[in-house]
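Protein chains in written order, with my numbering: chain Z, 1 to 352; chain L, 353 to 675. From the three backbone atoms N, C-alpha and C, an ideal C-beta is built for every residue, glycine too. Keep in mind that this is a model prediction, so the values were computed, not measured.
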Amino acid sequence: MATRRAFLAGLAAASLPRVSWAEVGSPACLAAGKRGEEFVLHGLSDQGESLFEIGLPARGHAAAAHPAQALAVAFARRPGTFALVLDCLTGSVRYRLTPPEGRQFNGHGAFSADGALLMTSEVVAEGSAGRIGVWETAGFTRIDEWESGGIGPHDIRRLADGRLVVANGGIQTDPGDRTKLNIDTMRPNLTLLSPDGALLDQVELAAELQQNSIRHLALHGDGVAFAMQWEGDAAEPVPQLGLWVPGSAPQLCPPPDAQGFAMKGYAGSIAVNRAGDLIVLTSAPAGVVMLFDGAGKWLFTHPRADVSGAAAVGDGLRLTDGQGGVWAYGRGGLASLARNATAWDNHLIALG
Amino acid sequence: MLLRATLLSFCLATPALADFEQTLSDHILPGYATFAASTQALADAAAKDCKADDLKPAFNAAYDAWLGVQHLRFGPAEADGLSVAIGFWPDPKGSGAKAQRALLLGDPAQLSPEHFPDQSVAARGLTGLERLLYPAEPLPADPCALIQATTLDLARMAKIINDNWVNTYSKTMLTAGDLGNTTFQTRPEVRQTLFTQVVAALEFDKDTRLARPLGTFDQPRPERAEAVASGRSQRNVLLSLQALRAMVVTLTPDAPLTLAGFDRAIKLAESLDDPSFVGVATPQGHLKVEILQQAISAVTDTVVSELGPELDVGVGFNAADGD
Numbered sequence: 001m002a003t004r005r006a007f008l009a010g011l012a013a014a015s016l017p018r019v020s021w022a023e024v025g026s027p028a029c030l031a032a033g034k035r036g037e038e039f040v041l042h043g044l045s046d047q048g049e050s051l052f053e054i055g056l057p058a059r060g061h062a063a064a065a066h067p068a069q070a071l072a073v074a075f076a077r078r079p080g081t082f083a084l085v086l087d088c089l090t091g092s093v094r095y096r097l098t099p100p101e102g103r104q105f106n107g108h109g110a111f112s113a114d115g116a117l118l119m120t121s122e123v124v125a126e127g128s129a130g131r132i133g134v135w136e137t138a139g140f141t142r143i144d145e146w147e148s149g150g151i152g153p154h155d156i157r158r159l160a161d162g163r164l165v166v167a168n169g170g171i172q173t174d175p176g177d178r179t180k181l182n183i184d185t186m187r188p189n190l191t192l193l194s195p196d197g198a199l200l201d202q203v204e205l206a207a208e209l210q211q212n213s214i215r216h217l218a219l220h221g222d223g224v225a226f227a228m229q230w231e232g233d234a235a236e237p238v239p240q241l242g243l244w245v246p247g248s249a250p251q252l253c254p255p256p257d258a259q260g261f262a263m264k265g266y267a268g269s270i271a272v273n274r275a276g277d278l279i280v281l282t283s284a285p286a287g288v289v290m291l292f293d294g295a296g297k298w299l300f301t302h303p304r305a306d307v308s309g310a311a312a313v314g315d316g317l318r319l320t321d322g323q324g325g326v327w328a329y330g331r332g333g334l335a336s337l338a339r340n341a342t343a344w345d346n347h348l349i350a351l352g
Numbered sequence: 353m354l355l356r357a358t359l360l361s362f363c364l365a366t367p368a369l370a371d372f373e374q375t376l377s378d379h380i381l382p383g384y385a386t387f388a389a390s391t392q393a394l395a396d397a398a399a400k401d402c403k404a405d406d407l408k409p410a411f412n413a414a415y416d417a418w419l420g421v422q423h424l425r426f427g428p429a430e431a432d433g434l435s436v437a438i439g440f441w442p443d444p445k446g447s448g449a450k451a452q453r454a455l456l457l458g459d460p461a462q463l464s465p466e467h468f469p470d471q472s473v474a475a476r477g478l479t480g481l482e483r484l485l486y487p488a489e490p491l492p493a494d495p496c497a498l499i500q501a502t503t504l505d506l507a508r509m510a511k512i513i514n515d516n517w518v519n520t521y522s523k524t525m526l527t528a529g530d531l532g533n534t535t536f537q538t539r540p541e542v543r544q545t546l547f548t549q550v551v552a553a554l555e556f557d558k559d560t561r562l563a564r565p566l567g568t569f570d571q572p573r574p575e576r577a578e579a580v581a582s583g584r585s586q587r588n589v590l591l592s593l594q595a596l597r598a599m600v601v602t603l604t605p606d607a608p609l610t611l612a613g614f615d616r617a618i619k620l621a622e623s624l625d626d627p628s629f630v631g632v633a634t635p636q637g638h639l640k641v642e643i644l645q646q647a648i649s650a651v652t653d654t655v656v657s658e659l660g661p662e663l664d665v666g667v668g669f670n671a672a673d674g675d
């Protein structure tokens, strides 16, 4: 595998004009959005200014940034029929990725550390069994496919050592739309895969929390912080944040009981700052952001209408909202950085 | 500021220019003032005499006042989870009753004004008080001290919310769009927030206040209705609809279909004659509550299709459709 990967990386070096992120203004993050009736992907500076804007054929969800070259992969919303490899210098579509017959992209993806491989979260359309698609990045052809270890995988994150954490959300959806089919029996899990796709570890939530869909991840220490969306009775307060270090049990982080409904059971995005001492969750349905310390202890709830994207940038945190706002965020609350004519969509993806 | 004040009074004299300034002055501020005054009156009454029957009128007046503002789930009422503590419902696991039992049998120091605000949100507020004034079964101890603590705590929370609106948050709203206002970056953001409250409150009436007792036709769940003990289930829906209609009127004079939809739902809620929704256990009673539920669903659709465009706002891009 190592030999093959080295070969592919060499191929990439030989065949692609290598444009670095510095040549496109060194964006700090990527964000999909909607401007007027157009769907777009932006590169944003650490101060929230748009450095480039590239049109998308349909609404995007998340993106993945190549670790070195100015290439962004924009993923369609579920059920995803396309992912576009965008040249962030020219704005052109370098490659159009189509899932194999009977597969659908599920919104997120991650590059290997050397950029030689792209891994995409996918489902088998019929039944929503999870798959991780593996693509080489010299010509973006599909070279492999792994089982994700559960139903309806959504976010995936690569740990520093190359192992991959998958949030298997547990929800089976109709192949043609987003109708949820198994809410009564869903069983989300967190799965750890080796760099070549072998299942290394897997954890589930307690029985009474199995309707808490694990959907988004952020790297945190030796593991991940994970964000959940509650599909059960809205009258039950359940945690939206958890921490997981592979090899141990997941730790749930409920806020104090007066804050138990502040997120309306929904976390849309999660980010951890570089120091690892602040974790942010966003909830657009509730119009709030919740801040926790690195151990998962609740610190603050701050209001912000339609806030959704969250990412660690530099030493700080950034948020985006559906009104076009880009915000610096921390213990002091939100500070406005920029406001764009683009309504920012669900996620803000940090580079590097 | 003088110009704004002049414009504001001009707006008030000219309904055609209704906007959120009018919502603030005619709906939000009077609503919280009434809630603060009625909870203070309740606490004063309980301090003098904590006999349940004597307190019921003041309790109901305070509950009525809460229904006038309960839909405003933003700003001061959301700080520190106050709105959750004031009206903790639904409580499917009965955690409020359990926590209250522990308080009734435990250390009286927990009931002091210093410590009571730290007790479980499920045990406090109007729903907590309702269980003490309308006990389903005999209480394990004399509730007088807990009644007094709960009413004092309610008055305290209502005062915090009212004071914050009067002293701080009104200005936050009125200075929407000013540099440095991170709560409302533009005036449309205020309208969007208010619009969102109407939609969310209608959904709460439909999906929680009515859907929980309705259950299914084969398995109705009347015991899951709100405020069953005090017989306020129907009244709470009615007052909620009336408050929402009143708020819409302050937002715009130009939403005739929305108001007509509210009028229809209000009429149905008034004529239900099923105070605690026990009727949902009968086929006919179930149908009547379902018809009210459908009417509320219809108003919600009209609010989105008429009121939203009229205010030039919609449900948030992300709030409407996350993943």
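Rounded Cβ spacing between residue i and residue j (contact assumed at less than 8 angstroms)
| i | j | result |
| --- | --- | --- |
| A227/Z | I270/Z | 4 angstroms |
| G420/L | F387/L | 7 angstroms |
| T320/Z | G309/Z | 4 angstroms |
| Q229/Z | A267/Z | 6 angstroms |
| L118/Z | T98/Z | No, L118/Z and T98/Z are not in contact; Cβ-Cβ is about 14 angstroms, not under 8 angstroms. |
| E126/Z | N106/Z | At roughly 14 angstroms, the Cβ-Cβ gap does not stay under 8 angstroms, so E126/Z and N106/Z are not in contact. |
| E541/L | L609/L | E541/L to L609/L, Cβ: 25 angstroms. No contact. |
| T502/L | R476/L | 6 angstroms |
Distance between residue j and residue i (C-alpha atoms, nearest Å)
| i | j | result |
| --- | --- | --- |
| D184/Z | D443/L | 21 angstroms |
| L89/Z | G43/Z | 11 angstroms |
| N516/L | A431/L | 10 angstroms |
| I279/Z | G294/Z | 6 angstroms |
| L603/L | L193/Z | 54 angstroms |
| N670/L | A32/Z | 12 angstroms |
| S464/L | D673/L | 45 angstroms |
| S649/L | D222/Z | 48 angstroms |
| D114/Z | L71/Z | 13 angstroms |
| D378/L | M263/Z | 29 angstroms |
| S390/L | A528/L | 31 angstroms |
| A275/Z | A312/Z | 10 angstroms |
| A395/L | N346/Z | 46 angstroms |
| P367/L | V632/L | Low confidence applies to P367/L: its pLDDT is 41, below 50, so where it sits in the model is not reliable, and the reading given next is rough at best. Those two C-alpha atoms are separated by around 41 angstroms. |
| L200/Z | T191/Z | 8 angstroms |
Among the options, the one whose alpha carbon lies nearest that of residue i
| i | options | result |
| --- | --- | --- |
| F629/L | R564/L, F411/L, Q500/L and G668/L | R564/L |
| Q594/L | D416/L, D405/L, E373/L and F372/L | D416/L |
| D161/Z | L181/Z, D177/Z, D196/Z and D174/Z | D196/Z |
| H423/L | L591/L, D530/L and D606/L | L591/L |
| R425/L | D494/L, L394/L, L554/L and L659/L | L554/L |
| A37/Z | L334/Z, A341/Z, L164/Z and N189/Z | What sits at residue 37/Z in the sequence shown is Glu, not Ala. Of L334/Z, A341/Z, L164/Z and N189/Z, the residue nearest in Cα terms is A341/Z. |
| M186/Z | L299/Z, P175/Z, E231/Z and R178/Z | E231/Z |
| H682/L | N588/L, G567/L and T520/L | Any answer about residue 682/L is impossible in this case: the structure gives chain L only from 353 up to 675. |
| A451/L | D257/Z, W146/Z and A335/Z | D257/Z |
| L644/L | P661/L, G668/L and R616/L | R616/L |
| A454/L | T479/L, A437/L, A577/L and L491/L | L491/L |
Sequence-distant residues of its chain with Cβ nearer than 6 angstroms to residue i (five each side left out)
| i | result |
| --- | --- |
| E49/Z | A338 |
| L360/L | Low per-residue confidence applies at L360/L: pLDDT is 43, beneath 50, and the placement is therefore not dependable enough to give any value. |
7 angstroms CB neighbourhood of residue i in its chain, flanking five on each side removed
| i | result |
| --- | --- |
| R96/Z | F82 and L84 |
| K408/L | L485 |
| G324/Z | R339, N340, A341, T342, A343 and W344 |
| L434/L | M509, I512 and I513 |
Sequence-distant residues of its chain with Cβ nearer than 8 angstroms to residue i (five each side left out)
| i | result |
| --- | --- |
| Q172/Z | G127, S128, I151, G152, K180, L181, N182 and M186 |
| L355/L | Because the pLDDT of L355/L is 42, which lies under 50, any placement of that residue in the model is unreliable, and the number read from its coordinates should be weighed accordingly. There are no such residues. |
message: Give me the subset of the stretch 239 to 266 of chain Z whose CB atoms are less than 8 angstroms from a CB atom of chain A, sorted by chain position.
response: Judged by its chain identifiers, the structure shown contains no chain A, and its protein chains are Z and L.
message: What are the residues in the stretch 147 to 178 of chain Z lying within 9 angstroms of chain L by C-beta distance?
response: If the cut-off is 9 angstroms between Cβ atoms, the stretch 147 to 178 of chain Z has H154 and R178 near chain L.
message: Under 8 angstroms, CB to CB, which of the residues in the stretch 593 to 611 of chain L have a partner in chain Z?
response: none
field: Against chain L: residues of the stretch 27 to 38 of chain Z by CB proximity under 9 angstroms
entry: G33 and K34
message: Residues of the stretch 521 to 547 of chain L in Cβ contact with chain Z at a cutoff of 8 angstroms, in chain order, please.
response: T534, T535, Q537, T538, E541, Q544 and T545
- prompt: Of all the residues that make up the stretch 304 to 323 of chain Z, which are near chain L by a beta-carbon distance shorter than 7 angstroms?
  reply: A305, D306, S308, G322 and Q323
Positions along the stretch 64 to 91 of chain Z whose CB lies within less than 7 angstroms of some CB in chain L: R77 and R78
- request: Name, going along the chain, the residues of the stretch 36 to 61 of chain Z whose beta-carbon falls closer than 8 angstroms to a beta-carbon of chain L.
  value: With the criterion set as a beta carbon lying under 8 angstroms from some beta carbon of chain L, the members of the stretch 36 to 61 of chain Z are H61, in sequence order.
query: If you measure beta-carbon to beta-carbon, which residues of the stretch 655 to 674 of chain L are closer than 8 angstroms to chain Z?
result: G668, F669, N670, A671 and G674
message: So if I threshold CB-CB distances at 9 angstroms, which residues from the stretch 400 to 434 of chain L count as touching chain Z?
response: R425, F426, G427, E430, A431, D432, G433 and L434
query: At a Cβ cut of 7 angstroms, what residues of the stretch 102 to 115 of chain Z count as close to chain L, listed as they run along the chain?
result: Answer in chain order: G107.
- prompt: Of the residues that make up the stretch 471 to 494 of chain L, which ones have a beta carbon closer than 8 angstroms to any beta carbon in chain Z?
  reply: S472, V473 and A474
field: Residues within the stretch 224 to 236 of chain Z neighbouring chain L, beta-carbon criterion of under 7 angstroms
entry: Residues passing the 7 angstroms Cβ filter: D233, A235 and E236.
task: Name, going along the chain, the residues of the stretch 611 to 643 of chain L whose beta-carbon falls closer than 9 angstroms to a beta-carbon of chain Z.
output: none
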